[in-house]
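If you're matching positions, the sequence shown starts at 635 in my numbering and goes up one per residue. Note that CB positions come from ideal geometry on N, CA and C, so glycine has one too.
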Amino acid sequence: MALKNDCFALPPGIEWTPVPEALARLRERVEPVTAIETLALADALGRVLARDAVAMRSTPPHDNAAVDGYAVAHASLTREGEQTLILAEGRAAAGSPFDGVVPAGHTVRTLTGAVMPEGTDSVVMQEDVSHGGDGAISFGSGLKPGANRRKAGEDIEEGSIAIRAGCRLSAADLAQAASVGVASLAVHRPLRVAVFSTGDELCDPHETPGRGGIFDANRPMLIGLARAQGFEVVDLGRIPDEASAIRAALTDAAAQADAVVTSGGASGGDEDHIGRELTRLGAMAEWRIAMKPGRPLAMGQIGSVPVFGLPGNPVAAFVCFLMFARPALLRLGGADWPELPRFPVTITGPAKKRAGRTEYLRGRYAGDGKVEKFRSEGSGLISGLRWSDGLIELSHNRDRVEAGETVDYIPYSAFGL
Ligand code: AMP
Ligand code: MG
635 MALKNDCFAL PPGIEWTPVP EALARLRERV EPVTAIETLA LADALGRVLA
685 RDAVAMRSTP PHDNAAVDGY AVAHASLTRE GEQTLILAEG RAAAGSPFDG
735 VVPAGHTVRT LTGAVMPEGT DSVVMQEDVS HGGDGAISFG SGLKPGANRR
785 KAGEDIEEGS IAIRAGCRLS AADLAQAASV GVASLAVHRP LRVAVFSTGD
835 ELCDPHETPG RGGIFDANRP MLIGLARAQG FEVVDLGRIP DEASAIRAAL
885 TDAAAQADAV VTSGGASGGD EDHIGRELTR LGAMAEWRIA MKPGRPLAMG
935 QIGSVPVFGL PGNPVAAFVC FLMFARPALL RLGGADWPEL PRFPVTITGP
985 AKKRAGRTEY LRGRYAGDGK VEKFRSEGSG LISGLRWSDG LIELSHNRDR
1035 VEAGETVDYI PYSAFGL
């Protein structure tokens, strides 16, 4: 499938779009573009399920014992007093069911995972039992009907959907699929994301920077963020602030990948070529999103390949990637649009804030429902990204925030980091 070529176009006259609106608009416009293949379960971790996985069998497949002990028929017990039952020959163990029917007044040795022996419906824990010398066991009254028994199908029923398409497969998902007899899964191919940095000042950490030079920090960061989402990255390096070079890089990126992520050169300055070149190459929309950090985000398309032109400041690139590029890219790769959890927490210090935009601060959970903010809002301070374990989101209409107020906190784990 291909995106329409005006997929990021904005209605005319729109100035600064609030974050929730911008996200809703983005959500409406992206859809899966990646092909589907079938993989063995063991190879599917981190992939996006392309077709619902239907349970071939219930799990558990039969009623079974949840503890080591003795299986009994609850109806045969008396309401009060000590219970004494004769121990039948044989036993029930996981994978070795009891042969025959347990007669009335009898019990049988039963181990965890064993199919419930015929004639029984409850299990007395071995710790609660005393052995008489005569092949009988005794235990107190009060066993509940169905005690220590797992019901067939209590996890998943045969024929029901065990995992829905659009789910990015975790270890627990693979366990679930295996448990219902699903051996292979239809999954999307990983989304290929081309990444490059722009800026004449940039060099790689193994190089010697020229006058005014800095090391390219965004590229390893964005590549890492993209890989953490399960994307396949095409690293296109650093591109100088030169129209023709940027144009060539964008064209090359679009030819090789399903989506392109760039950093730097995205706002309206003299050396900001991303937006201009996107306009020349295809549909371009400068998304003026009312958020901080993040200057205008350049979102465009070359043919059907979407391009996310992120700001150059590392903190802004990080936040814009997580809040905007990530959900769109996941969706392009076949996943459900990811909803972020927002935990109400108490902020430990005051924060300047302007009404009319959503602001993101680097936060660190301090226990007890409290979150600290990083000492500085400097959008170049990568140490704050490392220090923090999540983003504090200050909503659009709020202004100055005082210590002790409730704010929303999104842990990085919510972004799959
Ligand atoms: P720009 O968005 O290109 O105007 O860049 C904004 C700021 O971010 C400038 O101080 C750039 O030097 C810095 N910057 C841009 N790209 C990178 C990068 N890849 N790594 C580290 N800093 C960058
Ligand atoms: Mg620049």
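Cβ of T668 versus every heavy atom of the ligand MG: is any distance shorter than 7 Å? As a position in the sequence shown, residue 668 is number 34, starting the count at 1. The answer is no for T668.
Where does the unbroken alpha helix (DSSP H) through F952 begin, and where does it stop? By 1-based counting over the sequence shown, the position of residue 952 is 318. Segment P948 to C954, the alpha helix (DSSP H) holding F952.
Whose CA, out of A950, D904, L884 and E905, lies closest to the CA of M918? Taking the sequence shown and counting its residues from 1, one reaches residue 918 at position 284. Taking only the C-alpha atoms, the option nearest M918 is L884.
CB T718 to CB A781, shorter than 8 Å? Against the sequence shown, residue 718 aligns to sequence position 84. Against the sequence shown, residue 781 aligns to sequence position 147. The answer is no: Cβ separation not under 8 Å.
Between the alpha carbons of T741 and R861, how many angstroms are there, rounded? As a working note, residue 741 is residue 107 in the sequence shown. As a working note, residue 861 is residue 227 in the sequence shown. So the alpha carbons of these two residues sit roughly 56 Å apart.
Could you check whether M750 and G703 sit closer than 8 Å to each other, using their CB atoms as the reference points? On the sequence shown, position 69 is the one that residue 703 refers to. On the sequence shown, position 116 is the one that residue 750 refers to. Result no, Cβ atoms of G703 and M750 do not sit closer than 8 Å.
Does the beta-carbon distance from M957 to G943 come in below 8 Å? Sequence index remark: in the sequence shown, residue 957 carries index 323 (1-based). Sequence index remark: in the sequence shown, residue 943 carries index 309 (1-based). Not closer than 8 Å, so no.
Taking the beta strand (DSSP E) that S938 falls in, what are its first and last residues? Position 304 of the sequence shown, counted from the first residue, corresponds to residue 938. First-last for S938: undefined, no H or E at that position.
Which whole-angstrom value describes the C-beta separation of R991 and S1022, a residue pair presumed to lie in contact below a C-beta threshold of 8 Å? To locate residue 991, count along the sequence shown from 1; it is residue 357. To locate residue 1022, count along the sequence shown from 1; it is residue 388. R991 to S1022, Cβ: 20 Å. No contact.
Based on the DSSP secondary-structure assignment, which residues constitute the bridge partners of N698? Within the sequence shown, numbered from 1, the residue matching residue 698 stands at position 64. DSSP output for N698 lists V749 and R784 as bridge partner(s).
The segment 718–729 contacting the segment 669–678, beta-carbon criterion three pairs below 8 Å: no
Where does T651 fall in DSSP's three states? As a first step, residue 651 must be located in the sequence shown, where it is residue number 17. In this structure, T651 counts as strand in the three-state DSSP scheme.
Helix, strand or coil at A707 [DSSP, three-state]: Along the sequence shown, read from residue 1 onward, the residue named residue 707 stands at position 73. In the structure shown, A707 sits in coil (DSSP, three-state: anything other than H, G, I, E or B).
Taking all protein chains shown into account, decide if H840 is buried (16 or more other Cβ within 10 angstroms of its Cβ) or exposed. As a working note, residue 840 is residue 206 in the sequence shown. Counting Cβ neighbours within 10 Å, H840 comes out exposed, since fewer than 16 surround it.
Use the C-beta contact count for H696: other C-beta atoms within 10 angstroms, 16 or more gives buried, fewer gives exposed. As a working note, residue 696 is residue 62 in the sequence shown. With fewer than 16 Cβ atoms within 10 Å of its Cβ, H696 is classed as exposed.
Drop a sphere of 10 angstroms on the beta-carbon of Q890, count the other beta-carbons inside from all chains shown, and report buried for 16 or more, exposed for fewer. Here the question's residue 890 lines up with position 256 in the sequence shown. Looking at its Cβ environment, which holds fewer than 16 other Cβ atoms inside 10 Å, Q890 is exposed.
Using a threshold of 7 Å, is the CB atom of G904 nearer than that to any non-hydrogen atom of the ligand MG? On the sequence shown, residue 904 is found 270 positions in, with the first residue counted as 1. For clarity, residue 904 is Asp in the given sequence; the question names Gly instead. Distances between the C-beta of D904 and the heavy atoms of the ligand MG are all 7 Å or more.
Cβ distance (whole Å) where G899 is taken to contact G946 below 8 Å: In the sequence shown, the residue the question calls residue 899 occupies position 265. In the sequence shown, the residue the question calls residue 946 occupies position 312. Yes, they are in contact, since the Cβ atoms of G899 and G946 sit about 7 Å apart, within 8 Å.
Suppose you measure from the CA of I1016 to the CA of L836; what does that come to, to the nearest Å? Translated into the one-based positions of the sequence shown, residue 1016 becomes position 382. Translated into the one-based positions of the sequence shown, residue 836 becomes position 202. Cα-Cα distance, rounded: 16 Å.
Apply the 10 Å Cβ neighbour rule to T693 and answer buried if 16 or more other Cβ atoms are within range, or exposed otherwise. As a position in the sequence shown, residue 693 is number 59, starting the count at 1. T693 is buried by the Cβ-count criterion.
Chain B contact for L963 (CB, 8 Å cutoff): Absent from the structure is chain B; it holds one protein chain and no more.
P1074: beta carbon under 7 Å from a heavy atom of the ligand AMP? What is shown of the chain runs 635 to 1051, which leaves residue 1074 out entirely.
Mapping DSSP to helix, strand and coil, what is H907? Within the sequence shown, residue 907 is the residue found at index 273, counting from 1. Reduced to three states, the DSSP call for H907 is helix.
With T744 as the anchor, note down where its beta strand (DSSP E) starts and where it stops. What you label residue 744 is simply residue 110 of the sequence shown in a count that begins at 1. First-last of the beta strand (DSSP E) with T744: H740 to T744.
Which word fits D838, buried or exposed, when buried means at least 16 other C-beta atoms lie within 10 angstroms of its C-beta? Position 204 of the sequence shown, counting from 1, holds the residue named residue 838. Per the 10 Å Cβ criterion, exposed.
Which residues bound the beta strand (DSSP E) around M690? Residue 690 sits at position 56 when you count from the first residue of the sequence shown. Where M690 is concerned, there is no enclosing beta strand (DSSP E), given that its DSSP letter is neither H nor E.
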